[in-house]
Amino acid sequence: MSELHIYNSLSRKKEKFEPLHPPFVGLYVCGPTVYNDVHLGNVRTFTSFDMIYRYLVYSGYKVRYVRNITDAGHLTNEQGEGVNRLESQAQLERLEPMEVVQKYTVGFQDVCRLFNLLPPTIEPSATGHIIEQIEMAQQLIANGFAYEVNGSVYFDVKAYNKKHNYGILSGRNIDELMAGYRDLDGQEEKRNSIDFALWKKAGPAHIMKWKSPWGEGFPGWHLECSAMSTKYLGKQFDIHGGGMDLKFPHHECEIAQNVGACDCEPVKYWMHGNMLNFNGQKMSKSLGNSILPIQLITGDHILLDKAYSPMTVRFLFMQSHYSSELDINIKGLQDAEKGLRKLLNAVKYLAELKIVAADEKTEKEIIALCNSCKEFMDDDFNTARLIASLYELASHINIFFNAGKSANISQATYDLLLTTYNAFIFDVLGLKEENISGNNDALDKVMQLVIDIRNSARTNKDWATSDKIRDALKEAGIVIKDSKENTTYEVV
RNA sequence: GGUCGGUUGGCCGAGAGGCUAGGCAGAGCUCUGCAAAAGCUCGUACGGCGGUUCGAAUCCGCCAUCGACCUCCA
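One rule links them: number in our numbering = place in the first sequence (from 1) + 537.
Written as structure tokens, this is what we have:
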């Protein structure tokens, strides 16, 4: 039996996964900032970690999965002054900041449901944890890694770096970083340009502000994740995930805050999902080249030739490794659509098979393929190779189905095939059947009638009638499949 | 300028010293009234140049090239 190995961004090696307190696993993933719609790139990362969460659960771990909602604390620094991001968007829309938060939080959760993401076990918000963040900032001051200036609190990177290693995750060193920061202004308060804010004093125009020992203000962006992960998963926990673009500075700062406050390494395995590209370029809010999940589903985007379903997109994501870049384009979506249908059709066929005399070679091949599903997933969640095995299993299922629905395997192997195939497609990859065939009794009955009429026309060699029915159904989005034994239909 | 990661067949995308990835597209065949579906068979590949090795897509060096991060982003 294989054992789970995870690529750890911190050590830059694949490591055997050994939870701190088995069978429990603590998983923290940086969630969205809810001042805008999530774009498809965000969805990829959350889908990757959804798959990881699902596989950990499938593997028998009891997982506490924390994914935060950032509803405070993000700063835009373009003018060198702290502007709360949520607040500036609120002014544009003439809404209360918490209205913006509510709107986009709900929108985000809708998107999650659409893509069949399981809800995290805890979904904490930054504004709900101001006290914890203040406490952590106080602890950092007490430990000599932070200082207060004029109502704001900054993390003292140089002081931290004397005792610990700032840059351990991203491979940077502070001298180079400081050289790179030289020309930015608005940094007078800080001891050093690389220091980052734990708490910012709120100006008179700020609406989202809270009382603190340093006056009214709001928390720095990096602090919320440290405070909430510590609160819900402890000072040390198993897995911390997020997008590659958060590695620096966000995750680096998180490590510094946790180590500085708790004096221990907070995270055992750091995992980073890679970017979703669009015309070879990273999809990002600032570049304005992002594509919204809803545009994909409606097909309302210049890049798209038609609408693609959420499961097609999810399957496309799963066909590549979570840590590889993925470029989205029409061809890839079309491929994924066809491939997914192939796998899901085999689910239906599999349920209809009957056992006949087992063929030893086939039996062995199927058992090996079933076992390989776990092995590939254990190898750093290699969904691409898992899907390759599933395709090969689907091929076996199709052969059985074509041979009079007769499976040349033992009952035990059939049971293994059935549970493995379904578990990996639905429970692990998180795919689901989207079209209505197969779970709509009324349609099934009507279609059976139509198919019977067409088949009697075929028996009578009345090709005009049978083709008319077939063409009309195709027009309506229903494809007829004739095989030797019977005729089936599929809603496209 | 610094840090990190890519470059695999028509396209997407795994793999990581010898062992068929897989899908989509393409060609041929089987089945079939025709088509679709399904099945079988087939082809083309590891950015370039050196090196290590019995053997390199895989390791090392150099070069080219693309990208991410260093500033808000999953």
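All residues carry an ideal CB built from backbone N, CA and C; glycine is no exception.
Cutoff 7 Å; reference residue i; Cβ partners in own chain excluding five residues on either side
i    : result
F815 : N826, I828 and I865
R922 : F913
G797 : L677, N680, F682 and Y697
D587 : L654, L655 and G967
S909 : S926
A931 : K879, L880 and A883
Residues near residue i by beta carbon distance below 8 Å, same chain, minus five either side
i    : result
E615 : Any reading at E615 must be qualified, since the residue scores a pLDDT of 34, below 50, and its modelled position is unreliable; the value itself is stated next. Nothing meets the Cβ criterion.
E726 : V686, N687, S689 and Y691
N945 : V893, A894, A895, D896, T899, E900 and F937
Between the CA atoms of residue j and residue i - distance to the nearest angstrom
i    : j     : result
D916 : Y859  : 12 Å
R601 : T957  : 25 Å
H743 : E624  : 8 Å
T835 : A844  : 5 Å
N710 : K772  : 25 Å
H576 : F583  : 11 Å
F554 : L651  : 31 Å
Q818 : A1001 : 51 Å
G597 : D782  : 31 Å
I934 : F852  : 20 Å
R549 : K805  : 12 Å
M812 : C567  : 15 Å
S947 : C907  : 14 Å
Q985 : L954  : 29 Å
P657 : K784  : 22 Å
G644 : P830  : 11 Å
I659 : S585  : 18 Å
G578 : E862  : 11 Å
Three-way DSSP call (helix, strand, coil) for residue i in this model
i     : result
R650  : helix
S689  : strand
P756  : strand
T658  : coil
Q818  : strand
V1016 : strand
Y572  : coil
D587  : helix
Y641  : helix
F939  : The displayed chain sequence assigns Asn, not Phe, to residue 939. N939: helix per DSSP, three-state reduction.
K894  : A quick correction: the sequence has Ala, not Lys, at residue 894. The answer is coil: DSSP assigns A894 none of H, G, I, E or B.
I865  : strand
Y859  : coil
G797  : helix
K733  : Here the sequence assigns Phe to residue 733, which means Lys is not the residue at that position. The answer is strand: DSSP assigns F733 an E or B state.
L966  : coil
H809  : strand
H787  : helix
Buried versus exposed, by CB contacts within 10 Å (16 or more), residue i
i     : result
E761  : buried
Q794  : buried
L557  : exposed
I990  : exposed
G740  : exposed
R604  : buried
G778  : buried
A873  : buried
L735  : buried
Q675  : buried
K998  : exposed
E1022 : exposed
N959  : exposed
N545  : buried
I589  : buried
S1020 : exposed
G754  : buried
S993  : exposed
Range of the contiguous alpha helix (DSSP H) that encloses residue i
i     : result
N992  : D978 to T996
R1007 : W1000 to E1012
N959  : Q948 to N959
L677  : I667 to A679
T1025 : Premise fails: T1025 lies in the beta strand (DSSP E), T1024 to V1028, not in any alpha helix (DSSP H).
I831  : P830 to T835
Cβ neighbours of residue i in the same chain (closer than 6 Å, five flanking residues each side left out)
i     : result
I867  : D842
E789  : L706 and S707
V1029 : G1014 and V1016
L721  : Any answer about L721 is weak, because its pLDDT of 48 lies below 50 and its placement is not dependable; what the coordinates show is given next. Excluding sequence neighbours, L721 sits near nothing in its chain.
F963  : none
Y641  : V571
Any non-hydrogen atom of the ligand ADP closer than 7 Å to residue i Cβ
i     : result
K1011 : As for the ligand ADP, it is missing from this structure, which has no ligand bound.
Continuous beta strand (DSSP E) stretch holding residue i: start and end
i    : result
Y703 : Element bounds for Y703: n/a, residue is neither H nor E.
R604 : K599 to R604
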